[in-house]
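In this note's numbering, the protein residues as written are 19 to 392.
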């Protein structure tokens, strides 16, 4: 089978869509090396380090006039179809919401992965032009694709409600997490990370983009509870929202209890999860919520939001709260932090639930979607 991927975000994006793309390519090239894979990208960010089976995969980049930076997006949107046809691909998989225009004329079968419809569910979080652009791309991707992959049942329901997609065309395929989260850690490795980032002996942790929909402010409000005196470590790329959080920190007198760390290398994250007393993730909405899975895989108790996809990702391993109720969040965190038996039960349930998201299971489910359209 000859399979092509829209690999721009695999090579250029350090956030969730990039992680999904990299993991999909990695696990398929490793689990099914008998196929050939073409990775289409307009450029490569050399600072992003990742591995996949290069024996069965090759990188395809724009040539000639499309090699210019300003024209590479045109190649990805339209010109790429000539390369798809030239390579006589069996399947082309758009890994992040979109497919190139004109791909239906190549006679290559197509799959598109839809992660979330946050811009439609929470339009106030996005500028008008972004909402317009996203909706146009998403609708084209869904209507053009032979099969649509949703990364959760929540996303599938949203596709049916907001884009009026037929449920029979949508396959739910959960994602997994980077293999670094499945490697054992030595105490010396944990201590190295603790010292490198000057981490306290106990702390709450949140790892995600520092943006409004992640709802960091709810944690800060919960930290005003007189018994919740444990520090908070916030890991993520700085943004305008961080300035607002810093204003709240000063207002609540939390200057000595909140530690900001810029985006860290993926290799350091497993130790950070393991060192944390609890992972708290009161996001307003997610397509899947990969940090929840990373945390339970590392044996860290998780407190996250009720609703959306969170119970799909966290199962019985996590505790769930109203994402607008800081008092409930504080009481739930205290229950976890103050009772060893509660933490032990959550950790054990987390290890069990994480078995549903192994590389083997994800790769097998992806391949079953491909086989449906051949």
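Heads up, the beta-carbon is just placed ideally off N, CA and C, and yes, glycines get one too. Here the structure is a predicted model, which means the values were calculated and not measured.
Simplified DSSP state of residue i, which is helix, strand or coil
i           : result
residue 78  : strand
residue 228 : coil
residue 165 : strand
residue 189 : strand
residue 392 : coil
residue 316 : coil
residue 257 : coil
residue 47  : helix
residue 204 : coil
residue 38  : helix
residue 33  : coil
residue 19  : coil
residue 262 : helix
residue 362 : helix
residue 13  : In the structure as shown, the chain begins at 19 and stops at 392. Residue 13 is therefore absent and cannot be evaluated.
residue 281 : coil
residue 234 : helix
residue 109 : strand
residue 336 : strand
residue 55  : strand
residue 297 : strand
residue 12  : Given that the chain is displayed from residue 19 to residue 392, the structure contains no residue 12 and the question cannot be resolved.
residue 384 : helix
residue 127 : strand
residue 376 : coil
residue 219 : coil
residue 132 : strand
residue 250 : strand
residue 91  : helix
residue 344 : helix
Proximity winner among the options, relative to residue i (alpha-carbon distances)
i           : options               : result
residue 42  : 23, 52, 312 and 349   : 23
residue 374 : 276, 315 and 65       : 315
residue 188 : 212, 161, 137 and 303 : 161
residue 8   : 232, 100, 269 and 272 : As displayed, the chain neither begins before 19 nor continues past 392, which places residue 8 out of reach and without an answer.
residue 391 : 73, 53 and 108        : 108
residue 71  : 96, 52, 44 and 270    : 44
residue 163 : 119, 170, 204 and 153 : 119
residue 112 : 352, 159, 289 and 212 : 159
residue 48  : 380, 388, 348 and 364 : 380
residue 266 : 246, 242, 284 and 283 : 242
residue 38  : 98, 182, 174 and 305  : 305
residue 291 : 101, 173 and 209      : 209
residue 155 : 172, 137 and 171      : 137
Counted within 10 angstroms of its Cβ, other Cβ atoms place residue i as buried (16 or more) or exposed
i           : result
residue 116 : buried
residue 46  : buried
residue 146 : exposed
residue 135 : buried
residue 350 : buried
residue 312 : buried
residue 206 : exposed
residue 193 : buried
residue 202 : exposed
residue 254 : buried
residue 101 : buried
residue 307 : buried
Cβ-Cβ distance between residue i and residue j below 9 angstroms
i           : j           : result
residue 167 : residue 190 : yes
residue 280 : residue 256 : yes
residue 318 : residue 296 : yes
residue 66  : residue 32  : yes
residue 59  : residue 26  : yes
residue 287 : residue 152 : no
residue 169 : residue 132 : yes
residue 335 : residue 367 : yes
residue 217 : residue 252 : no
residue 53  : residue 19  : yes
residue 140 : residue 40  : no
residue 61  : residue 387 : no
residue 55  : residue 21  : yes
residue 28  : residue 34  : no
residue 323 : residue 340 : yes
Heavy atom of the ligand PLP within 8 angstroms of residue i beta-carbon
i           : result
residue 241 : The ligand PLP is not among the ligands present in this structure, which contains no ligands whatsoever.
Residue-level contact to chain B via CB, residue i, 9 angstroms cutoff
i           : result
residue 196 : Of the protein chains in the structure, only one exists, and it is not chain B.
For the 8 angstroms Cβ check, are there 3 or more pairs between the segment 229-248 and the segment 338-348?
Yes: at least three Cβ pairs fall under 8 angstroms.
Check whether the segment 287-304 touches the segment 268-277, taking contact to mean three or more Cβ pairs, one atom from each stretch, closer than 8 angstroms.
With fewer than three CB-CB distances shorter than 8 angstroms, the segment 287-304 does not count as touching the segment 268-277.
Should the segment 258-276 be called in touch with the segment 369-387, which here means at least 3 C-beta pairs below 8 angstroms?
Taking a cut-off of 8 angstroms for Cβ pairs, the segment 258-276 and the segment 369-387 do not touch, as fewer than three such pairs fall below it.
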